[in-house]
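Take a look at the structure set out below.
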Amino acid sequence: MKLSALILALGLSFGGLAFAGDGPYQIRVDGLSCPFCSYGIEKKLKALPGVDQVEVDMESGVVTVRMVLGATVSDKQLRKAVADAGFTPREISQGQRQP
Amino acid sequence: MSWFSMSRVIRMMWVVMLFGGLSGLSVPRAWSGPITFSSALPLGDGIGVLRGQAKFIRKTGDPTAADRELNVIAVPTVMAWGASARLALFGVLPYVDKRLDVTLPGGRVRRESSGLGDARVFARYTLHRVDRPGDTFRVAPIVGLKLPTGSHSERDSMGTLPRPLQPGSGSWDPFFGITATRQTLAWEADVTATYRINTGADSFAFGDEAKLEGSFQYRLFPRTLRSGVPGFLYGVAETNLVWSSKERAAGVDNPNSGGTILYLAPGVQYVTRRTVLEAAIQLPAMQNLNGTTLETDWVGTVGFRWNF
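Residue numbers (the numbering used here), protein chains in the order written: chain A, 7 to 105; chain B, 1414 to 1721.
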């Protein structure tokens, strides 16, 4: 019983680790204060290889970047794209892919 | 209104703009951009904006028997391009239609011209930038050149048209300035100062021109932000203080030219992530013009912007 519980726990843990990093990237962007200007961020991020969708939330200043399955993008690439659009990138986090 | 009272109003307006616009006042959320002049808003590397406007200008108030009336329609097309995150390049190509109605000894006559006006090219470099969550402050100098792309030798049945009635000036005129923008999710304030040196061509030069302009925009709708990037409707209040020196023809100043005008311009603007639709009317609050220079009745502006 204890062994099976341990195996289940390990499985869940490794499963979680395996999924971590597959979900959308979330970038907090400073200076994002106008809808018309937000298009620049969308355009620059969508130009990165593997990017599927970009969603901007004006109120929170968070830009969500969804990748095509299996694709990844580096922190450096994301920061450069935001900076090239004329804004200041802050924290970047990565969530889990939704089932 | 006396000049003293007017000068107090002007001072108060600038105080409100500078302190309201450039300090960290806490007000409801909104955004937009100036309608009657340029701002320091970001234009990213490889991002373009196409801007079209139609301006309707009416000038009357001739104290002489000629009773001149000038109506101008100008349609400038602006192409802006982000060469880098800090450097933006602009090109402006206007189409103009000018009509002057004047009473001569033989009766009322109309003199008119239309065609391509003088183009302008200029660069803006973001020198100073402070970004915070939902908030940015930018300062950018501007330098540019007005090109003699418009004809300055148009004729009608009465002979060569007067130079102010020509579509173009014929001269290469440099200009420079500085613009500052404070933009939050709630509001935006802009202040721009520019100076143009009008050099002249064929023994004629328009007077130099200086402008000090301010704008304040406030979101009217939606009152509270939804998720994503909703379309915003803004109320806009702008002011333009325009000074021009006298024209010079064959080395002699024209005493009936130049002066100072202060416009107040209410406007409205609808902004989405790809487009802007806008309209404003500039009404002269004060005109201190030389000699028989025509007074401006109003300047109406409608326009759009498109992001690509």
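Ideal Cβ placement from N, Cα and C applies to all residues, glycine included.
- Look at the beta carbons and you see the stretch 1473-1485 of chain B not touching the stretch 1625-1633 of chain B: under three pairs across the two are nearer than 8 Å.
- Assignment of lysine 86 of chain A by DSSP, reduced to helix, strand and coil, places it in the helix class.
- Residues of the stretch 1672-1701 of chain B with a C-beta atom less than 7 Å from some C-beta of chain A are Val1684, Thr1685, Arg1686, Arg1687, Val1689, listed in chain order.
- DSSP places leucine 1646 of chain B in the strand class (E or B) of the three-state scheme.
- Here glycine 46 of chain A carries a helix assignment [DSSP, helix/strand/coil].
- Using a 10 angstroms sphere on the CB of glycine 1572 of chain B, the tally of other CB atoms stays under 16, which defines it as exposed.
- Taking a Cβ-Cβ threshold of 7 Å, none of the residues of chain A is close to serine 1670 of chain B; the smallest such distance is about 38 Å.
- In the DSSP assignment, serine 1527 of chain B falls within the unbroken beta strand (DSSP E) covering 1520-1529.
- Distance from the CA atom of proline 1455 of chain B to the CA atom of cysteine 43 of chain A, rounded to whole angstroms, is 7 Å.
- Here the alpha carbons of serine 1451 of chain B and phenylalanine 1535 of chain B stand approximately 11 Å from one another.
- Neighbourhood of serine 39 of chain A in chain B, by CB distance below 7 Å: Trp1444, Gly1547, Asp1548, Thr1549, Gln1596, Thr1597, Leu1598, in chain order.
- Sequence-distant partners of glycine 1474 of chain B (beyond 5 residues in either direction) whose C-beta falls short of 7 Å from its own C-beta, in its chain, are Leu1707, Glu1708.
- Glutamate 1622 of chain B places its beta carbon 9 Å or farther from that of serine 1582 of chain B.
- Within the same chain, Asp1458 come within 8 Å of serine 1497 of chain B by CB-CB distance, once the 5 residues on both sides are set aside.
- For phenylalanine 1619 of chain B and asparagine 1611 of chain B, the gap between their C-alpha atoms comes out near 6 Å.
- If you draw a straight line from the Cα of lysine 1472 of chain B to the Cα of glycine 1671 of chain B, it comes to about 14 Å.
- Within the stretch 1609-1635 of chain B, the complete beta strand (DSSP E) segments at least 3 residues long are 1622-1634, listed from N- to C-terminus.
- Of the candidates A:Val69, A:Tyr45, A:Ala53, the residue whose Cα lies closest to the Cα of arginine 96 of chain A is A:Val69.
- The C-beta separation of leucine 51 of chain A from valine 71 of chain A comes to about 6 Å, placing the pair in contact by the 8 Å criterion.
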